[in-house]
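Here is the structure we will look at.
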Amino acid sequence: MSVWRIALSSSTMRICAILGPPGGCGAAPPTCSSCDQHYPRQQPRTGRRHAAMKLANRILAITFLISTIAIVGIAGLTLAVSNGALHDLLRKSLDDSVGREARNVQNSVDMVKSDLVVLAEVGVSGILGDHSEPNPDSLKMLADHLNAMMRKRPAYAQAQLILGGATGQRMVLSTRSEDAGQATIGAPTGGLSYEAVLREKQGLRPWSAQFGAAPWASKGEETAEGRNVLYFSAPVVARGGATVGAVAIAADFGLMVRELGWTSEDVAYSVGDQTGRYLYRSRPPPAAGGGAKGNMLDDFHLRNGWGKWLAQGEPHLQWELRDPPRAVDLRRVDLVDATSASLPEILIVGGVASFANVEMKASMYRTQLVVTVLGIGTLMVLALTFAIFCLVRPIQRLTTVVDRIAAGDQNVIAPTQRRDEIGILARAVIHMADRLRKTAKNSEQAAMGRMASMIAHDLRNALSSVKMNLHILQAHHRKQNDDCLDGCEIALDQVHYMEHILNDMLAFARPGTLELDWVDLGEAISTASVSLLPDAMRKSIDLRSSSEQKLPTVRGDRNKLLQLFQNILDNAIQAAPEGGHITIETRVLLHDSQPAVEVKITDNGPGIAPEIAGKTFEPFVTTRARGTGLGLAIVQRIVTQHRGHVTLNSRPSGGAVATVLLPVSPNNAEPADGASLDPGVASQGM
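Per the working numbering, numbering through the sequence shown is continuous, rising by one, with the last residue being 733.
Right, here's the structure in full:
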């Protein structure tokens with residue numbers, strides 16, 4: 048009994064006790080060094096969980112570090128690119144705006160020149176004839192024309208026309224008064240002649256009273272002191288080609304450029320002459336040392352390169368200054384052609400834009416970027432923490448399941464319903480555990496079979512001698528007709544019972560191979576019923592057989608099939624009460640698109656006890672006082688060898704029903720030793 052108790056205590060102890068490892072070890076694995084070589088000690092659960100958390104923390108740290116480096120790198124690159132883009136945008140905007148204002152100044156200069164051409168060629172030449180004297184009516188028309196032009200050009204300070212003739216020179220002078228021109232017709236004063244007008248230097252020059260007899264009388268201004276004008280003149284050519292006069296226009300330079308830069312608040316515009324002297328400023332440009340110095344050369348540090356730039360005739364110059372940080376753009380505007388004088392008259396239109404606004408925007412972008420990066424980092428940490436939690440928690444649960452399986456717990460529920468990788472792993476673990484349990488069970492049963500075979504072999508030899516001597520004693524006492532005869536018969540019955548047990552043990556231990564042949568299944572069932580008829584009659588059991596049709600022959604081993612039905616009928620006879628009944632029902636059907644025979648054996652006994660439900664086909668499982676519990680295990684193995692199915696269920700109305708399904712021609716019937724003792728082939732309650 049001690050051997051069986053040790054064998055049934057746990058799977059590990061079963062193998063140790065039955066197989067007997069080297070050295071005769073029969074101790075439990077925790078104290079068995081030999082077993083530890085095959086079954087290493089388990090790592091503590093807390094250690095495994097700690098290792099899982101270490102892995103999770105490592106994944107979190109590495110992912111966060113890589114993501115942080117990537118985000119910071121992208122943020123830095125974005126900031127540098129945006130800063131450079133802002134600087135480039137400022138330079139481009141400055142270049143476009145200064146170029147636009149320079150074109151406006153150039154257009155104003157060209158407008159004055161165009162008006163001269165109109166006055167000289169259209170207005171004057173259309174009135175005068177070939178060397179004819181200007182008459183009063185013609186002069187009056189010229190005066191009206193000049194006044195109309197003065198009304199159209201608010202920046203014009205004075206326009207004068209001097210015509211020569213045989214009787215002398217006459218002059219028409221239109222000077223701005225209020226918002227219109229006031230024309231004067233008469234002889235030139237101050238020694239002016241049209242030859243002198245044409246000799247006057249053209250371009251930008253200070254206002255001078257020598258331009259005409261009338262004083263400066265611009266609206267709101269009482270003096271012309273300190274003002275500059277753009278002075279241009281053109282000859283008046285008669286139809287014959289002779290020069291008969293001159294036309295001159297003096298335009299107030301301040302009025303021409305007074306709207307320069309009004310549309311822009313980011314750029315400080317200025318206009319200067321070729322010496323760098325400021326002629327106009329929209330506002331003082333930012334300069335080092337507490338303010339502008341009043342000269343372009345000093346404000347923009349151009350003392351060394353100014354003359355070279357003017358000599359090269361480049362129309363555009365742009366560069367940057369550091370203290371304070373600013374961008375400077377200069378454009379050249381030509382007043383007269385370079386061939387008209389030794390030193391051509393030019394204007395310099397400049398613009399200065401400070402990088403302070405760019406730096407302020409860059410600082411604002413930097414702050415926004417830092418806040419965004421911190422927000423993204425926080426969300427990333429939360430997302431990674433949640434992802435790690437969602438990943439580690441199922442792994443920890445699965446680790447707990449594996450630990451419970453390793454501890455021998457067979458009622459383990461794993462998260463196999465998940466459809467992700469964790470669910471696949473859980474199903475693989477459960478499948479592996481089932482296979483390991485089946486493998487261990489098969490190994491255990493094989494070891495028990497070897498032990499049973501050894502025990503049965505030795506006991507049969509001893510029982511043979513005991514049986515022979517009991518027969519001799521029975522014959523002797525029968526002759527003597529004494530009271531010992533009953534004792535001999537009882538002893539022989541016990542020997543027969545022991546032989547029955549040994550036969551079951553040998554049948555379980557030595558399954559043997561199938562000897563396949565075509566077997567009449569109806570004849571095999573009838574033979575098994577007849578062989579057990581005496582046992583049924585002793586309990587007055589009604590053994591009934593009903594068949595819908597003649598059963599076909601099946602491919603199988605006749606002896607094993609006969610043993611199969613004998614074991615089922617014997618189990619039913621022992622379960623049925625006195626005067627009970629057993630019914631055998633057969634029919635032919637299709638199973639998996641193949642012809643098969645179904646045999647149902649029903650009794651009216653107490654049914655299957657709840658404590659062994661689900662384990663009826665396991666070896667050594669029985670509720671009877673006598674018996675080995677190997678009959679149904681042998682039944683299951685024989686059915687499995689024939690590629691069939693067997694179930695044993697309780698009936699709701701009482702009793703039990705055993706259902707055997709055998710294919711007529713099983714594919715790949717197992718001819719080997721039938722080591723398949725897998726209870727999963729036939730499930731209880733199927």
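Backbone N, C-alpha and C define an ideal beta-carbon position, used for all residues, glycine too. No experiment lies behind these values; they were computed from the predicted model shown.
* Is the distance from the Cβ of Gly308 to the Cβ of Ser329 below 8 Å? -> yes
* Asked: Apart from the five residues just before and just after Ile572, which ones in its own chain have a Cβ nearer than 6 Å to its Cβ?
  -> Phe612
* For the stretch 488–565, which segments carrying the alpha helix (DSSP H) assignment without a break, of at least 4 residues, lie completely within its bounds, in sequence order? -> 531–556
* Between Val646, Gln641, His638 and Glu625, which lies nearest to Ile615 when the distance is taken from Cα to Cα? -> Val646
* To do: Out of Ala132, Thr236 and Glu665, point me to the one whose CA is closest to Glu491's CA.
  => Glu665
* To do: Provide the residue span of the beta strand (DSSP E) that contains Ser410, from first to last.
  => Note, Ser410: premise wrong, no beta strand (DSSP E); alpha helix (DSSP H) at Ala403 to Ala453.
* Can you tell me whether Ala315 is buried or exposed, with buried defined as 16 or more other CB within 10 angstroms of its CB? -> buried
* To do: Can you tell me which of Val165, Gly323 and Thr694 puts its alpha carbon nearest to the alpha carbon of Leu193?
  => Val165
* Is it buried or exposed for Glu392, if we count other Cβ within 10 angstroms and need 16 for buried? -> buried
* To do: Could you tell me whether the Cβ atoms of Ile648 and Ala705 are closer together than 8 Å?
  => yes
* Local Cβ density within 10 Å of Ser587, reported as buried at 16 or more and exposed below that -> exposed
* Chain-order list of residues whose beta-carbon lies under 7 Å from that of Arg378 (same chain, five-residue window excluded) -> Val145, Gly146, Ala149, Pro362, His363 and Val396
* Between which two residues does the alpha helix (DSSP H) containing Asn458 stretch? -> It is not in any alpha helix (DSSP H) - Asn458 carries neither H nor E in the DSSP assignment.
* For Arg684, three-class secondary structure by DSSP -> helix
* Beta-carbon spacing of Asp313, Asn404 below 8 Å -> yes
* Asked: Under three-state DSSP, which class holds His192?
  -> helix
* When you compare only the Cα positions, how much space is there between Pro282 and Met218? -> 14 Å
* To do: Since I believe Gln365 is in contact with Asp376 (beta carbons under 8 Å), could you give me their beta-carbon distance rounded to a whole number of angstroms?
  => 5 Å
* Near Arg451, what residues of its chain come up, given a Cβ to Cβ distance below 6 Å and the 5 sequence neighbours on each side ignored? -> Val459
* **Residue closest to Phe279, alpha-carbon to alpha-carbon, out of Leu344, Gly398, Val159 and Val291** => Val159
* To do: Have a look at Val542, Ser500, Met498 and Ile502 and flag the residue whose alpha-carbon is nearest the alpha-carbon of His518.
  => Val542
* Would you mind giving the Cβ-Cβ distance between Ser28 and Gly627, rounded to the nearest angstrom? I have them listed as a contact below 8 Å. => As displayed, the chain neither begins before 48 nor continues past 733, which places residue 28 out of reach and without an answer.
* Asked: If you draw a straight line from the C-alpha of Val156 to the C-alpha of Met197, how long is it?
  -> 16 Å
* Asked: In the structure shown, what three-state DSSP assignment does Pro581 receive?
  -> helix
* **Asp564 to Gly470 span [Cα, whole Å]** => 46 Å
* Which residue from Arg200, Gly652 and Pro710 puts its Cα closest to that of Pro699? -> Gly652
* Asked: What first and last residue would you give for the beta strand (DSSP E) that runs through Phe279?
  -> Asn275 to Val284
* **Ala509 to His692 span [Cα, whole Å]** => 38 Å
* Asked: Where does Ile296 land, buried or exposed, given buried means 16+ other C-beta within 10 angstroms?
  -> buried
* What's the C-alpha gap between Ala161 and Asp191? -> Here residue 161 is Ser; the residue named in the question, Ala, does not match the sequence. Near 19 Å, if we compare the C-alpha coordinates of Asp191 and Ser161.
* To do: Return the Cβ separation of Ala643 and Leu708 in integer angstroms, given the expectation that the two are a contact with Cβ distance under 8 Å.
  => 6 Å
* Asked: Taking C-beta to C-beta, are Met181 and Leu220 nearer than 8 Å?
  -> Sequence inspection shows Pro at residue 181; the Met mentioned does not correspond to that position. For Pro181 and Leu220, no; Cβs fall outside 8 Å.
* Please report the residue range of the beta strand (DSSP E) in which Lys647 lies. => Gln641 to Asp650
* **Alpha-carbon to alpha-carbon, Gly603 and Val577** => 21 Å
* To do: Could you check what DSSP says for Pro713 in three-state terms: helix, strand or coil?
  => coil
* To do: Could you tell me which of Lys526, Thr630 and Val284 sits nearest to Ser593, measuring between CA atoms?
  => Thr630
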